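Q: Chains as they are written, first to last, in this note's numbering: chain A, 1 to 255; chain B, 1 to 255.
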Amino acid sequence: MVGSGLNAKGSDSMKEDEAAIQFHEVNFATKELTILKSITGSFVRGGITTLVGPSGAGKSTLFRLCNGLLSASSGGIWIDGIAIDDYEPVQLRREIGIVLQSATMIAGTVRDNLELPRALQGESLTDNEAEEYIKVVGLGKEFLTRNSHDLSGGQKQRVSIARTLVNRPKILLLDEITSSLDRVSTQEIEELIVHINQHYKTTVIWITHHLDQALQIGTYTWVMMDGKLVESGPSNLLRNPENEDVRRFVKGEVE
Amino acid sequence: MSFLTLVIALVFVAIPLVLSKTLNLGLERDTIVATVRSIVQLLAVGYLLQFVFDSESILYIVLMIVLMIGAATENARKKGSSIPGITWKLIVTFLFVQVLTQAILLSLNIIPATAQYIIPISGMVIGNSMVLGILFLNRFTAEVASRHDETELILSLGGTPKQAVHRPLVTSIKASIIPTIEAQKTIGLVQLPGMMSGQIIAGADPVQAVMFQLLILFLLLTTAVITSIMLGYFSYPTLFNNRMQFIKKQHNRGA
Numbered sequence: 001m002v003g004s005g006l007n008a009k010g011s012d013s014m015k016e017d018e019a020a021i022q023f024h025e026v027n028f029a030t031k032e033l034t035i036l037k038s039i040t041g042s043f044v045r046g047g048i049t050t051l052v053g054p055s056g057a058g059k060s061t062l063f064r065l066c067n068g069l070l071s072a073s074s075g076g077i078w079i080d081g082i083a084i085d086d087y088e089p090v091q092l093r094r095e096i097g098i099v100l101q102s103a104t105m106i107a108g109t110v111r112d113n114l115e116l117p118r119a120l121q122g123e124s125l126t127d128n129e130a131e132e133y134i135k136v137v138g139l140g141k142e143f144l145t146r147n148s149h150d151l152s153g154g155q156k157q158r159v160s161i162a163r164t165l166v167n168r169p170k171i172l173l174l175d176e177i178t179s180s181l182d183r184v185s186t187q188e189i190e191e192l193i194v195h196i197n198q199h200y201k202t203t204v205i206w207i208t209h210h211l212d213q214a215l216q217i218g219t220y221t222w223v224m225m226d227g228k229l230v231e232s233g234p235s236n237l238l239r240n241p242e243n244e245d246v247r248r249f250v251k252g253e254v255e
Numbered sequence: 001m002s003f004l005t006l007v008i009a010l011v012f013v014a015i016p017l018v019l020s021k022t023l024n025l026g027l028e029r030d031t032i033v034a035t036v037r038s039i040v041q042l043l044a045v046g047y048l049l050q051f052v053f054d055s056e057s058i059l060y061i062v063l064m065i066v067l068m069i070g071a072a073t074e075n076a077r078k079k080g081s082s083i084p085g086i087t088w089k090l091i092v093t094f095l096f097v098q099v100l101t102q103a104i105l106l107s108l109n110i111i112p113a114t115a116q117y118i119i120p121i122s123g124m125v126i127g128n129s130m131v132l133g134i135l136f137l138n139r140f141t142a143e144v145a146s147r148h149d150e151t152e153l154i155l156s157l158g159g160t161p162k163q164a165v166h167r168p169l170v171t172s173i174k175a176s177i178i179p180t181i182e183a184q185k186t187i188g189l190v191q192l193p194g195m196m197s198g199q200i201i202a203g204a205d206p207v208q209a210v211m212f213q214l215l216i217l218f219l220l221l222t223t224a225v226i227t228s229i230m231l232g233y234f235s236y237p238t239l240f241n242n243r244m245q246f247i248k249k250q251h252n253r254g255a
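Shown next, in the form of structure tokens:
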């Protein structure tokens with residue numbers, strides 16, 4: 001990575017100590033294609049930032065860089081002012097929780113799934129803790145003994161969120177977690193995330209395809225297109241974008 | 001058995017040739033090639049073995065075993081071409097299995113230390129180790145690909161690479177060993193093992209032949225377990241880099 005200090009982080013208007021995650025000239029490329037191009041910007045600590053853009057814009061890849069599942073090809077990423085490569089991968093992934101769109105469940109009960117983050121550290125989850133976490137995501141304690149493969153899409157997504165919360169992450173990355181849910185479940189999850197953000201002061205970054213969701217939930221919004229960050233700022237920017245491509249995207253003219 | 005008898009036995013090659021021609025199966029060419037190859041290869045091995053047995057030189061025994069390991073590696077490595085450094089991993093595995101089994105056989109005086117015993121038993125051990133290796137590599141690469149979501153989930157929650165591939169690894173090890181165990185359960189009920197049949201036809205006492213066959217079966221249990229476990233533990237670390245990132249298939253999961 002280039003840019004080894006805080007001074008090298010470009011001209012973002014936000015104060016550095018307000019940034020949960022900062023990016024400076026971040027690029028990510030595979031052998032075949034360039035996915036992220038010169039991303040420079042910040043996610044505000046304690047806020048909810050929504051991340052929108054057409055499919056293939058590089059949003060999920062950006063998340064995988066933040067959680068350490070991938071490393072940038074060049075550029076710098078700082079989490080709470082510390083260069084991402086200075087974190088031990090295990091510590092980084094516990095602090096930066098990611099909820100993936102697939103809501104993959106491991107074989108076993110809901111409780112087994114909730115206990116997974118602890119089990120990976122050789123620890124266990126008490127019954128009280130299990131009940132507390134399942135309650136946070138709006139499910140009753142009777143769910144704990146259910147087989148995880150018998151859950152509906154919405155229930156899996158809730159368990160997936162609760163499971164990530166078990167690590168008590170400082171930052172929560174949500175990758176299109178409501179895209180396959182009905183209106184009622186979506187609304188309940190939105191309320192849940194707002195509650196987690198306010199109650200636990202967890203920084204939330206949320207990838208969504210729904211512009212109304214981005215506007216309603218997000219304090220800040222990033223618009224990504226073709227691997228670039230084209231606009232960022234208060235979520236209201238979506239009402240009247242400056243960039244012509246973003247305007248077309250908001251109007252639904254870009255898939 | 002004389003050469004004349006062997007020539008007469010070619011009638012068993014003539015039957016499929018005539019049938020293939022009559023029914024237009026188009027198998028004549030392949031049948032002839034297979035017959036010629038088997039005659040040349042087996043006679044060559046027969047004369048080679050006779051030479052090695054007569055010479056009573058340890059050097060030739062070692063050379064034969066090296067050749068067997070080389071051929072087994074060449075066959076198996078294609079199946080694991082996606083795993084970096086698979087060639088030396090296979091060589092070390094085959095060598096270890098061979099040294100371990102021969103060390104036990106010879107040190108406990110189970111077999112005499114002569115080429116007549118060492119070479120055929122080595123052939124069976126290395127041959128089975130190769131088949132097991134191919135079974136394991138086929139299954140492991142398929143398991144890792146099909147459980148990609150689970151692997152990514154465990155890594156994202158702060159699990160180590162070993163924890164992330166635990167299930168694919170254990171499943172593949174078990175799956176490659178089970179056929180060996182299952183085959184032993186029904187052995188003798190349906191068909192007699194080739195080695196035992198050969199010994200009986202050559203005039204050996206059937207009980208002696210059975211005892212040697214049992215020795216081979218026991219050996220193959222050790223061969224199976226050690227081959228798949230060693231290959232498994234050699235292979236999984238190469239799927240990850242030093243930042244605990246999954247190297248394979250990491251870029252094609254949405255963007």
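Even for Gly, the Cβ is constructed at its ideal location relative to N, Cα and C. This structure is a prediction, so every number in the text was calculated from the model and none was measured.
Name the two residues that bound the continuous alpha helix (DSSP H) containing residue 120(B).
A: Counting from one through the second sequence, the residue named residue 120(B) turns up at place 120. Run containing residue 120(B): 115-146, per the alpha helix (DSSP H) assignment.
Q: Buried or exposed for residue 57(B), going by 16 or more other Cβ atoms inside 10 Å?
A: Indexing the second sequence from 1 puts residue 57(B) at position 57. By the neighbour-count rule (16 or more Cβ atoms within 10 Å), residue 57(B) is not buried but exposed.
Q: So, are the CB atoms of residue 159(A) and residue 110(A) less than 8 angstroms apart?
A: Locating residue 159(A) in the first sequence gives position 159, where the first residue counts as 1. Locating residue 110(A) in the first sequence gives position 110, where the first residue counts as 1. Yes.
Q: Return the residue from the list 90(B), 145(B), 71(B), 30(B) that minimises the CA-CA distance to residue 233(B).
A: Stepping through the second sequence from its first residue, residue 233(B) is reached at position 233. Of the candidates 90(B), 145(B), 71(B), 30(B), the one whose C-alpha sits nearest the C-alpha of residue 233(B) is 90(B).
Q: Since residue 212(B) and residue 116(B) are thought to touch, with beta carbons under 8 angstroms apart, how far apart are those beta carbons, to the nearest angstrom?
A: For the purposes of this step, residue 212(B) is taken as residue 212 along the second sequence, with counting starting at 1. For the purposes of this step, residue 116(B) is taken as residue 116 along the second sequence, with counting starting at 1. Contact flag wrong, Cβ pair sits at about 12 angstroms.
Q: Please list, in chain order, the chain B residues whose beta carbon lies closer than 8 angstroms to that of residue 117(A).
A: Taking the first sequence and counting its residues from 1, the one referred to as residue 117(A) is at position 117. Chain B residues near residue 117(A): 157, 158.
Q: Given a cut-off of 8 angstroms on the beta-carbon distance, is the pair residue 41(A) and residue 222(A) in contact?
A: As a working note, residue 41(A) is residue 41 in the first sequence. As a working note, residue 222(A) is residue 222 in the first sequence. Cβ atoms of residue 41(A) and residue 222(A): closer than 8 angstroms.
Q: To the nearest angstrom, how far is the alpha carbon of residue 22(B) from that of residue 13(B)?
A: By one-based count along the second sequence, residue 22(B) stands at place 22. By one-based count along the second sequence, residue 13(B) stands at place 13. Cα to Cα, the separation comes out at about 15 angstroms.
Q: Can you name the residues that DSSP bridges to residue 44(A)?
A: Along the first sequence, read from residue 1 onward, the residue named residue 44(A) stands at position 44. Answer by DSSP bridge pairing, in chain order: 19(A).
Q: To the nearest angstrom, report how far apart residue 237(B) and residue 225(B) are at their CA atoms.
A: By one-based count along the second sequence, residue 237(B) stands at place 237. By one-based count along the second sequence, residue 225(B) stands at place 225. Spanning the two alpha carbons is a distance of roughly 19 angstroms.
Q: Where does residue 39(A) fall in DSSP's three states?
A: Along the first sequence, read from residue 1 onward, the residue named residue 39(A) stands at position 39. Residue 39(A): strand per DSSP, three-state reduction.
Q: Roughly how many angstroms lie between the CA atoms of residue 231(A) and residue 58(A), to the nearest whole one?
A: Taking the first sequence and counting its residues from 1, the one referred to as residue 231(A) is at position 231. Taking the first sequence and counting its residues from 1, the one referred to as residue 58(A) is at position 58. Spanning the two alpha carbons is a distance of roughly 14 angstroms.
Q: Which same chain residues, not among the five before or five after residue 164(A), have their C-beta less than 8 angstroms away from its C-beta?
A: Here residue 164(A) refers to the residue found at position 164 when the first sequence is read from its first residue. Correct list, in chain order: 97, 98, 99, 117, 172.
Q: Within 8 angstroms (strictly less), CB to CB, does residue 251(B) reach chain A?
A: Working through the second sequence from its first residue, we reach residue 251(B) at position 251. Because the pLDDT at residue 251(B) is just 40, under 50, the model does not fix this residue reliably, and the value given afterwards should be weighed accordingly. Chain A contact via Cβ: present.
Q: Name the chain B residues that come within less than 7 angstroms of residue 122(A), Cβ to Cβ?
A: Position 122 of the first sequence, counted from the start, is the residue given in the question as residue 122(A). Simply none; closest approach about 10 angstroms.
Q: Please work out which residues of its chain come closer than 7 angstroms, Cβ to Cβ, to residue 230(B), disregarding the five sequence neighbours upstream and downstream, and give them in chain order.
A: Reading the second sequence from its first residue, position 230 is the one you call residue 230(B). Taken in chain order, the residues that qualify are 93, 96.
Q: Out of 147(B), 218(B), 141(B), which one is the CA nearest neighbour of residue 187(B)?
A: Stepping through the second sequence from its first residue, residue 187(B) is reached at position 187. That would be 218(B), whose Cα lies nearest to the Cα of residue 187(B).
Q: Starting from residue 96(A), trace the beta strand (DSSP E) in both directions and tell me its first and last residue.
A: Position 96 of the first sequence, counted from the first residue, corresponds to residue 96(A). Looking at the DSSP string, the run of the beta strand (DSSP E) that includes residue 96(A) is 96-99.
Q: Quick one: which residues of the stretch 160-176 of chain A get their C-beta closer than 8 angstroms to a C-beta of chain B? List them in chain order.
A: 163, 164, 167
Q: Could you give the first and the last residue of the continuous alpha helix (DSSP H) run that contains residue 168(B)?
A: Taking the second sequence and counting its residues from 1, the one referred to as residue 168(B) is at position 168. Looking at the DSSP string, the run of the alpha helix (DSSP H) that includes residue 168(B) is 166-186.
Q: Whose CA, out of 51(B), 164(B), 242(B), lies closest to the CA of residue 145(B)?
A: Sequence index remark: in the second sequence, residue 145(B) carries index 145 (1-based). Checking every option, the nearest Cα to that of residue 145(B) belongs to 164(B).
Q: Among the residues of its own chain, which have a CB less than 7 angstroms from the CB of residue 240(B), if the five just before and after it don't count?
A: Here the question's residue 240(B) lines up with position 240 in the second sequence. 161, 246, 247.
Q: Going by other Cβ atoms of all chains shown within 10 Å of its Cβ, with 16 needed for buried, is residue 5(B) buried or exposed?
A: Taking the second sequence and counting its residues from 1, one reaches residue 5(B) at position 5. Label assigned to residue 5(B): exposed.
Q: Is DSSP giving residue 24(A) helix, strand or coil here?
A: Along the first sequence, one-based indexing puts residue 24(A) at 24. Strand at residue 24(A).
Q: Fully enclosed by the stretch 94-170 of chain A, which beta strand (DSSP E) runs are 3 residues long or longer?
A: 96-99
Q: Can you give the Cα-Cα distance for residue 223(B) and residue 129(B), rounded to whole angstroms?
A: On the second sequence, residue 223(B) is found 223 positions in, with the first residue counted as 1. On the second sequence, residue 129(B) is found 129 positions in, with the first residue counted as 1. Roughly 6 angstroms between the two C-alpha positions.
Q: Contact criterion: CB-CB distance below 8 angstroms. Does residue 154(B) meet it with respect to chain A?
A: Residue 154(B) sits at position 154 when you count from the first residue of the second sequence. Yes - at least one Cβ of chain A is within 8 angstroms of the one on residue 154(B).
Q: Between the C-alpha atoms of residue 19(B) and residue 30(B), what's the straight-line distance to the nearest angstrom?
A: Here the question's residue 19(B) lines up with position 19 in the second sequence. Here the question's residue 30(B) lines up with position 30 in the second sequence. Approximately 14 angstroms between the Cα atoms of the pair.
Q: Can you check the stretch 169-205 of chain A for any beta strand (DSSP E) of at least 3 residues that lies completely inside it and give the ranges in chain order?
A: 171-175
Q: Of all Cβ atoms in chain B, is any one closer than 8 angstroms to the Cβ of residue 144(A)?
A: For the purposes of this step, residue 144(A) is taken as the residue at position 144 of the first sequence. Any Cβ of chain B closer than 8 angstroms to the Cβ of residue 144(A) would place that residue at the interface, and such an atom is absent.
Q: Taking all protein chains shown into account, decide if residue 179(B) is buried (16 or more other Cβ within 10 angstroms of its Cβ) or exposed.
A: Residue mapping note: residue 179(B) aligns to position 179 of the second sequence, counting from 1. Per the 10 Å Cβ criterion, exposed.
Q: Quick check on residue 89(A): buried or exposed, where buried means 16 or more other Cβ atoms within 10 Å of its Cβ?
A: Numbered from 1 along the first sequence, position 89 holds the residue referred to as residue 89(A). Buried, by the Cβ-count rule.
Q: Any chance the stretch 66-79 of chain B sits against the stretch 181-196 of chain B, with 3 or more Cβ pairs inside 8 angstroms?
A: no
Q: Name, in chain order, the residues that DSSP records as bridge partners for residue 207(A).
A: Reading the first sequence from its first residue, position 207 is the one you call residue 207(A). Partner(s): 51(A), 175(A).
Q: Pop quiz: residue 92(A) and residue 28(A) are said to be a contact at Cβ under 8 angstroms. What is the actual Cβ separation, rounded to whole angstroms?
A: By 1-based counting over the first sequence, the position of residue 92(A) is 92. By 1-based counting over the first sequence, the position of residue 28(A) is 28. Not really, about 17 angstroms apart at Cβ, beyond 8 angstroms.
Q: Using DSSP with H/G/I as helix, E/B as strand and the rest coil, what is residue 224(A)?
A: Counted from its first residue, the first sequence places residue 224(A) at position 224. It is a strand residue.
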